[in-house]
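What follows is one structure encoded as structure tokens, with my remarks underneath.
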Amino acid sequence: MDAIVGIHGAQLTHAIWMRPGSVVVEMLPWVMDGLTMGKWTKYVHTYTPLGAIFENTNLVHVGLPLDASSASHIECLEKSFTANSTEPTSFDCIKKNRINGWDERDFSVPQDKLLHLLQRFVVDVNKNDGRSISSSSSSSSSLTCEDYKNRAGDDFVI
Numbered sequence: 002m003d004a005i006v007g008i009h010g011a012q013l014t015h016a017i018w019m020r021p022g023s024v025v026v027e028m029l030p031w032v033m034d035g036l037t038m039g040k041w042t043k044y045v046h047t048y049t050p051l052g053a054i055f056e057n058t059n060l061v062h063v064g065l066p067l068d069a070s071s072a073s074h075i076e077c078l079e080k081s082f083t084a085n086s087t088e089p090t091s092f093d094c095i096k097k098n099r100i101n102g103w104d105e106r107d108f109s110v111p112q113d114k115l116l117h118l119l120q121r122f123v124v125d126v127n128k129n130d131g132r133s134i135s136s137s138s139s140s141s142s143s144l145t146c147e148d149y150k151n152r153a154g155d156d157f158v159i
């Protein structure tokens, strides 16, 4: 199975050149509670603006909402910062310093979260040694949209 994995952005539109049944994984940058710009990045009940592009295609779009840990490298955020923090210093850090905005900053993705996503939607990882990767045991051509929604649960946007 073919897949493209990337952060939210126009670069993922290159997926239109992929083979039918390919998977488009959109990592959604974390946005602090209380900020309105980009708040859709934390919802899993509807597709993202980019996901709408793939709605009536033969591609599978999967959105992975990232949590506050993906922005933990930002120095001005406090060490004890949580996703529900509304402390003024945290808001100032994110809102006033433009480079820390969701659409400008770097991000990190925990390895286990990415591996979980890949195992669920793209490939099977050999559980014996964790190093062998093979094509998904359930080929994309045999999975329905409902199958992907069931695999996503409340963790991913389909």
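Sequential numbering from 2 applies to the sequence shown in the numbering used here. Glycine included, C-beta positions come from ideal geometry on N, C-alpha and C.
query	result
Cross-strand partners of Pro21 (DSSP beta bridge)	Pro21 pairs with nothing; no bridge assigned.
Alpha carbon of Phe157 to alpha carbon of Gln120, nearest angstrom	13 angstroms
Span of the beta strand (DSSP E), counted from its first residue to its last, around His62	61-66
Through-space distance from Leu116 to Met15, alpha-carbon basis	Per the sequence shown, residue 15 should be read as His rather than Met. The straight-line gap from Cα to Cα measures roughly 23 angstroms.
Nearest candidate by alpha-carbon position, reference His46, set Pro21, Asn59, Pro66	Pro66
C-beta atoms of Val123 and Val24 nearer than 7 angstroms	yes
Length of the line joining the Cα atoms of Leu144 and Leu60	12 angstroms
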